[in-house]
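If you're matching them up, the sequences are chains E and Z in order. All the letters of the first sequence, read from the start, carry residue numbers 372 to 729 under our numbering. All the letters of the second sequence, read from the start, carry residue numbers 264 to 554 under our numbering. Step one of this worksheet: look at the structure below.
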Amino acid sequence: MRFVFKTDYTQDINLAKHSGHVFWYGLLLVTLAIGPWIMDDYWLAQLTLVLIYSIVGLGLMLLAGFTGQFSLGHAAFLGVGAYTQAVAINAGLPLIVALVGAMALSAVIGVIVAIPALRVRGVFLGMATLALGIILEEAFARWESVTGGNAGLFVQSPTLLGIELSDSTPYYFLCLVLTIAVTLGVANLLRSPTGRAFVAIRDSEISAQSMGIPLARYKTLAFAISAALTGLGGALYAHKIQFLTPEQFGIIQSIDLLLLIVIGGLGSIHGAFLGAIFLITMPQIISSAKDYLPSSVADAPGLSALVYGAVLVLFVLFEPLGLYGRWLKVRAYIQLFPLYRRGMFERQKSFQKSERLK
Amino acid sequence: MELLQLLVSGIAQGCVYGLIALGFVLIYKATETVTFAQGDLMMLGAFGGFIAMSAMGLPFWAAAIATVFVMTLIGIGLERVVIRPILGQPAFSIIMLTIGVAYVVRGAITMIPVIGTETHPLDAPYAGKVIEIAGLVLAAEQVVVILVTAALSGALTLLFRYSKLGIAMQASAQNQLAAYYMGIPVRRINGLIWGLAAAVATVAGLLIAPITFVHANMGFIGLKAFPAAVVGGFTSLPGAIVGGLIIGVTESIAGFYLEEGFKDIAPYVVVLLMLAVRPNGLFGERMRKKV
């Protein structure tokens, strides 16, 4: 068990709390940096997808996990980013300009969503974002001159500094660098007054307001940042899959993104990464498990929906903090061995109150 | 005349939305959460009715009663197994839980060999008949939907307004702890609510199955019932029906006069406008706590 001896106030806000953090995150970085040489192409592609989904997950985590504003239409921002990127790249714009454009446009849409969102909360916010998600999905399908409609849209491969990024290794590094930048950015944001304000709004809007936090401004800001990050993820996603169709950005994708943050662990940066890993590896696990199942079960089309649903139900019931919460428990068990007690992470008894009276 | 026929067909479709929205409102009024499983419970109910009629050879009415009964038990069981352990947790947990339940139900239905992946007709005795009133044509299926929706919402409104049970339901929705103090058995009441919601979902499924057919994805129509519930105010049972009618009529008029594609998004545009202008909906209760 490690005891951190604090000798300086800045230690409280350091990102790396102690040398263990430096060592393990350093090791992770080194592993990721040499990834292309120790993994074959298939796993590298999967890892790239994990990185992309992590960026999107961080975006939604900031909004849902840290500001407490649940969005049921986040795939729409993903779509805005992806289509902006595709159109910009196909028009011959440089990659950096396209990425910034995708983020900016998504952020603008995020601000537009925030306007009705300021008046509603809880489930009604969910309804508003759901409605917006469905409207934008339909817009992707119908605005054929730009998005190609249901026929789909090819995305040309990008170049950066003269390097063709269609190759998997350079593209992996682009995603890796952006993921690290986004992660550091979000971690930094959360220890700043803005991030503290987000968390205060999540925990109690009334208290936050009484402490002098302007709700409207911070909620709008949260929506804008979240949408921008999701848009960035969408832009990278567009290059990864290279062919965009509207149904990739529908309600199913929105629910998948929620699944990502809930299973990863609401309210933790780690959760976004663990959730992304879950979302990408789960189909593989299901398809490899099919070999051991009787064919009547294995070939049924509903198998993966059943498994996803069951996993989600089990997590909400037994592990509300998701995979990251499970890891915290395991770590506490190891650190405290043999003093771990069963009730240490007991869920606090709570009673629901009407949201309408808040 | 054209407009009138559009209105009538919009109203008929709107009643379907209203009927499903009734389930959402019921759950929201009694537990302050939104269920995403309502559409899939409806699908399960329709499949139950189909199986009871085709495999067991029951007549429509007997099959309907049996299915509603069984589905009520399933609803109560669902509450007991998955909802009760997290009773009192934030509403969002329960929303995620119902999304999970919806996935499981849909997955499980499609895994039934042969039946699950096909589309089946449900033969109601009144199917195919047409009622003509003053030149307006209405299918009997739609008339039945309208009548049953009106009856159900009337009965449920009476339940919530006058019966002890209904008032206890509203109390436990507004403040669980205070409800416990008043001696209301919050858990048992919650079980009843989910049973009731499953029964309403089943009635909806059985009634709209002759119109839309029975298939594993029929639950997605629930997504269109959300707008109906929001427009009506989410806390008002008659509001759900009015909301459904507004959505249905908007949809049918948008489908006729506007370009293709607007029909599908019209309900959601209405919802966004409603939330921006009047977040409590048309008939929602307006409540404010003073700090």
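Glycine included, each C-beta is placed from N, C-alpha and C at the ideal position. Source: prediction; values computed, not measured.
What does the Cβ neighbour count give for residue i, buried or exposed, with the cut at 16 atoms within 10 Å?
i, result
"residue 481 of chain Z", "buried"
"residue 389 of chain E", "exposed"
"residue 387 of chain E", "exposed"
"residue 614 of chain E", "exposed"
"residue 385 of chain E", "exposed"
"residue 498 of chain E", "buried"
"residue 445 of chain E", "buried"
"residue 713 of chain E", "exposed"
"residue 487 of chain Z", "buried"
"residue 444 of chain Z", "exposed"
"residue 455 of chain Z", "buried"
"residue 562 of chain E", "exposed"
"residue 272 of chain Z", "buried"
Identify which residue in the options has its Cα closest to the Cα of residue i.
i, options, result
"residue 495 of chain Z", "Z/408, Z/293, Z/542, Z/290", "Z/542"
"residue 416 of chain Z", "Z/510, Z/445, Z/501", "Z/501"
"residue 484 of chain Z", "Z/509, Z/302, Z/422, Z/357", "Z/302"
"residue 440 of chain E", "E/431, E/448, E/446", "E/431"
"residue 322 of chain Z", "Z/387, Z/379, Z/355, Z/449", "Z/387"
"residue 274 of chain Z", "Z/513, Z/444, Z/539, Z/469", "Z/513"
"residue 373 of chain E", "E/722, E/724, E/703", "E/703"
"residue 682 of chain E", "Z/278, Z/279, Z/365, Z/329", "Z/365"
"residue 427 of chain E", "E/656, E/451, E/672, E/501", "E/451"
"residue 524 of chain Z", "E/630, E/652, E/509", "E/509"
"residue 449 of chain Z", "Z/267, Z/346, Z/308", "Z/346"
"residue 650 of chain E", "E/500, E/425, E/378, E/382", "E/425"
"residue 420 of chain E", "E/550, E/569, E/486, E/501", "E/550"
"residue 424 of chain Z", "Z/530, Z/408, Z/410, Z/499", "Z/499"
"residue 488 of chain E", "E/666, E/718, E/588, E/698", "E/588"
"residue 404 of chain Z", "Z/466, Z/414, Z/528, Z/389", "Z/389"
"residue 333 of chain Z", "Z/477, Z/349, Z/312, Z/318", "Z/312"
"residue 503 of chain E", "E/484, E/469, E/490, E/513", "E/484"
Taking residue i as the query, report the chain E residues whose CB atoms sit under 8 Å from its CB, ordered along the chain.
i, result
"residue 444 of chain Z", "Near residue 444 of chain Z there are no residues of chain E at all, since even the closest Cβ is about 10 Å away, more than 8 Å."
"residue 380 of chain Z", "672"
How is residue i classed by DSSP in three states: helix, strand or coil?
i, result
"residue 530 of chain E", "strand"
"residue 569 of chain E", "helix"
"residue 480 of chain Z", "coil"
"residue 724 of chain E", "strand"
"residue 441 of chain E", "coil"
"residue 644 of chain E", "helix"
"residue 392 of chain E", "helix"
"residue 304 of chain Z", "helix"
"residue 489 of chain E", "coil"
"residue 690 of chain E", "coil"
"residue 387 of chain Z", "coil"
"residue 396 of chain Z", "strand"
"residue 729 of chain E", "With a pLDDT of 49 at residue 729 of chain E, under the threshold of 50, the predicted position of this residue should be treated as unreliable, and no value is reported."
"residue 461 of chain E", "helix"
"residue 386 of chain E", "coil"
"residue 402 of chain Z", "strand"
"residue 420 of chain E", "helix"
"residue 374 of chain E", "coil"
"residue 321 of chain Z", "coil"
"residue 495 of chain E", "helix"
"residue 521 of chain E", "helix"
"residue 269 of chain Z", "helix"
Would you mind telling me which residues of chain Z sit closer than 7 Å to residue i, beta carbon to beta carbon, in chain order?
i, result
"residue 513 of chain E", "524"
"residue 595 of chain E", "Those within 7 Å of residue 595 of chain E in chain Z number zero; the least Cβ separation is about 18 Å."
"residue 544 of chain E", "By Cβ distance, chain Z contributes nothing, its closest Cβ being about 35 Å from residue 544 of chain E, past 7 Å."
Which residues in chain Z have a C-beta closer than 8 Å to the C-beta of residue i? List them in chain order.
i, result
"residue 490 of chain E", "538, 539, 542"
"residue 629 of chain E", "359, 362"
"residue 617 of chain E", "Residues of chain Z passing the Cβ test: none, with the nearest at roughly 11 Å."
Please compile the residues from chain Z whose C-beta is within a distance smaller than 9 Å of the C-beta of residue i.
i, result
"residue 456 of chain E", "Ordered by position in chain Z, no residue passes the 9 Å Cβ test against residue 456 of chain E, which lies about 24 Å from the chain."
"residue 691 of chain E", "349, 352, 356"
"residue 700 of chain E", "The contacting residues do not exist; residue 700 of chain E stays about 18 Å from chain Z at best."
"residue 626 of chain E", "299, 362, 366"
"residue 724 of chain E", "295, 437, 438, 439, 440, 441"
Using the beta-carbon of each residue, which ones in chain E are nearer than 9 Å to residue i?
i, result
"residue 370 of chain Z", "671, 672, 673, 674, 675, 676, 677, 678, 679, 680, 681"
Using the beta-carbon of each residue, which ones in chain E are nearer than 7 Å to residue i?
i, result
"residue 528 of chain Z", "505, 506, 509"
Residues, ordered as in the chain, of the stretch 494-508 of chain E that lie near chain C by beta-carbon distance below 8 Å
No chain C is part of this structure, whose protein chains are labelled E and Z.
Can we say the stretch 463-470 of chain Z touches the stretch 344-354 of chain Z, given the rule of at least three CB pairs closer than 8 Å?
no
Validate contact between the stretch 456-463 of chain E and the stretch 607-622 of chain E using beta carbons, cut 8 Å, 3 pairs
The answer is yes - the stretch 607-622 of chain E touches the stretch 456-463 of chain E, with three or more Cβ pairs under 8 Å.
Say whether the stretch 331-339 of chain Z touches the stretch 450-463 of chain Z, bearing in mind that this needs 3 or more beta-carbon pairs closer than 8 Å, one atom from each stretch.
yes
Counting pairs of beta carbons, one from the stretch 428-438 of chain Z and one from the stretch 304-317 of chain Z, are three or more of them closer than 8 Å?
no
Are the stretch 642-657 of chain E and the stretch 694-710 of chain E in contact at 8 Å, needing three or more beta carbon pairs?
yes
Inspect the CB distances between the stretch 669-680 of chain E and the stretch 368-386 of chain Z and report whether three or more fall short of 8 Å.
yes
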